[in-house]
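Quick note on numbering: the sequence shown equals residues 0 to 575 in numbering that gives the first Met the number 0. Just so it is clear, CB atoms sit at the ideal spot from N, CA and C, and this is done for glycine as well. From a predicted model like this one, the values you see are computed outputs, not experimental measurements. Right, one structure below, let's go through it.
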Amino acid sequence: MLDHVIRGATVVDGTGAPGIRADVGVRDGRIAVIGTVTEPCRTSEDATGLVLAPGFVDPHTHYDAQLFWDPYATPSLNHGVTTVAGGNCGFTLAPLNPERPEDADYTRRMMSRVEGMSLVALEEGAPWNWHTFGEYLDALEGRIAVNAGFMVGHCALRRYVMGADAVGGQPTGEQLARMLTLLHEAMDAGAWGLSTTQSSTHSDGDGNPVASRHAGPAELLALSRAVGEHEGTQIEAITAGCLDRFSDAEIDLFAEMSAAAGRPLNWNVLTIDAAVPERVPRQLLASERARKAGGRVVALTMPILTPMNMSLGTFCALNLIPGWGPVLALPVPERIARLRDADVRAEMLRRAGSEEAGVFRRLAHFGRYVIGDTYSAANEGLTGRVVGDIAAERGQEPFECLVEICAADGLRTVLWPMPSDNDPDSWSLRAETWQHPDVLLGGSDAGAHLDRMCGAPYTTRFLGDCLRGRRLMPLERAVRMLTDDPARLFGLRGRGRVVEGFHADLVLFDPERIDAGKATLVHDLPGDSPRLDSKAIGVRAVWVNGVEAIRDDTVTGAVPGKVLRSGRDTRTVSTR
């Protein structure tokens, strides 16, 4: 007997093949039959007019901590994501050295600073009852509603072995050997591979460059070779050039790391903007160089423009503009005084528009910002208005006007920058770039930067755009880009397609309605901390391993997800 039958859906199977109308029967967590189903079943539903697709795979998330207080990985699961890749950017919650209990606090403060996670939520929402990476994975086993796999973070490896010297120091031969042993142990326990960062934007809770930023090429290549000794593993890496354009050294490093491992290396995020046409070919040069060297470098890129929630009062992307961090780190009264200084503003604008600002130059168009929530009588009626219009009325420059609005609110004003790359040429360039064999959709950062951005709904928003908006991709190709393509990159066993015998990770949606709602601020984290959330529109149901986990944008309470471990649940995707 079948457990459940979905009758009469248009099955888009993830391969890119045209959709077909069929029944799909599920038994024991797997797809048992596709076609006309006559076998008895416990439950069934009529899906006429709906599309049944494989569950979506998000290749870049930071749900490492959130899964402990939110086993449903919301809002990703609501938007059809059934498998998430975590442990990215060199940051993981394990391993932790049992001889230094203070390392857990260091890790929490680092995650709060670098990934925008609530410190209170990290402190109160996770048990922190592990030391090894395997113990961390075991702590999640049997209590999550999504499938989740995790890289092991380079920063955690360095901190475990080197302690405080991990920041600023170089490992001895013995210390490097210990790091390699830890990495091997993590992969033996199921880690998907290594993640690392050398990005100039990544600083720890003390404001210092995170540990992996101090690693030299020899250390990175040694760790990469270790990855190649395990089945079903990968590398994920970030450098400063990921934000704009790679240096020659970064291109060579990525190619050498991937070739040394014989495994794919993915990075994020490829920003596509027709105003900077030279960026895409420069970034994809890393992929060309890697293939010649016997490796493969894959760029992640987002198929939507992710709205961002900013403020001059809290740490956000504006702090990452060169020269802005010291000003925005001052106590609020001093910060306001400095921001009101015309010479200070002029220098900040100069730095924001310079080449050194890289991709953050896009944030310097202050006349295009929209005012969000305000908190003073002086700003009454400004919510939803464009700064450029207000500045014209007041006879001010846009940045000066924005500063005065924020100052009236004690810098609490919520700011929404309107994207500068929402033009037809940029969208045309995106559609062209998505066809490249070493470009993959993803990079949501779901689980991170919780009160500043909401990338998790990229799946439903992209499908809605393909079906009723710009129509840059046919539905079947769009579904493949969200399912089979990432599943194949990570070597997921039996996932990513609607095929008999595959795990029943499925999403059922209305093609006439599929979309994502507006991002709204909610306070539902431990400690009443805020985050941005987005409702899924047109998603009828989501199944994970054959169990219904979402029905009409509401979690069912079931936790059928699996901790996906390398080797057992992933096969090797070799570059050789």
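Query, Result
"To which residues of the same chain is Thr519 closer than 8 Å at the C-beta, ignoring the five residues directly before and after it?", "Leu531, Asp532 and Ser533"
"By DSSP, does Ile271 sit in helix, in strand, or in coil?", "coil"
"Check each candidate in Glu255, Ser75, Asp164 and Thr106 and name the one with the smallest Cα separation from Arg290.", "Glu255"
"Would you tell me roughly how many angstroms separate the C-alpha atoms of Ser310 and Trp68, rounded to the nearest one?", "27 Å"
"Hey, could you find the ends of the beta strand (DSSP E) Asp2 is sitting in?", "Leu1 to Val10"
"According to DSSP, Gln233 sits in a beta bridge with which residue or residues?", "Gly192"
"With DSSP run on the structure shown, which of helix, strand or coil describes Thr432?", "helix"
"State the Cα-Cα distance for the pair Leu179 and Asp523, rounded to the nearest angstrom.", "39 Å"
"For Asp437, which option in Leu428, Pro97, Glu184 and Asp484 has the closest C-alpha, if you only look at C-alpha atoms?", "Asp484"
"Put Phe149 into one of helix, strand or coil per three-state DSSP.", "strand"
"Could you please give me the residues that DSSP links to Pro53 through a beta bridge?", "Leu505"
"Which residues mark the beginning and the end of the beta strand (DSSP E) in which Ser43 is found?", "Cys40 to Asp45"
"Keeping to the same chain, check which residues put their C-beta closer than 6 Å to that of Gly324; ignore five residues upstream and five downstream.", "Asn318"
"Would you mind stating whether Asp243 and Asp420 have Cβ atoms separated by less than 8 Å?", "no"
"Using C-beta distances below 6 Å, list every residue in its chain close to Ile19, excluding the 5 sequence neighbours before and after it, in chain order.", "Val10"
"With 16 other CB atoms within 10 Å as the buried threshold, where does Gln434 fall?", "exposed"
"Considering only residues of the stretch 113 to 187, which uninterrupted alpha helix (DSSP H) runs meet the minimum length of 4 residues and lie entirely inside it, listed in chain order?", "118 to 124, 132 to 139 and 153 to 161"
"Closest by CA to Arg476, which one among Arg469, Ala486 and Cys465?", "Cys465"
"Taking only three categories from DSSP, how would you classify Asp420?", "coil"
"With Gly85 as the anchor, note down where its beta strand (DSSP E) starts and where it stops.", "Val80 to Gly85"
"Verify whether the separation of the beta carbon atoms of Ala557 and Ala144 is less than 8 Å.", "yes"
"Please classify Pro74: is it buried, with 16 or more other beta-carbons within 10 angstroms of its beta-carbon, or exposed?", "buried"
"Let me check one thing: in DSSP terms, what residues is Leu520 bridge-paired to?", "Leu531"
"Taking 8 Å as the cut-off, decide whether the C-beta atoms of Asn308 and Val386 are in contact.", "no"
"Using the C-alpha atoms, what's the distance from Pro58 back to Pro17?", "25 Å"
"State buried or exposed for Val521, treating a residue as buried only when at least 16 other CB atoms are found within 10 Å of its CB.", "exposed"
"In chain order, what residues of the same chain have a beta carbon less than 7 Å from the beta carbon of Leu348, not counting five sequence neighbours either side?", "Ala363 and Phe398"
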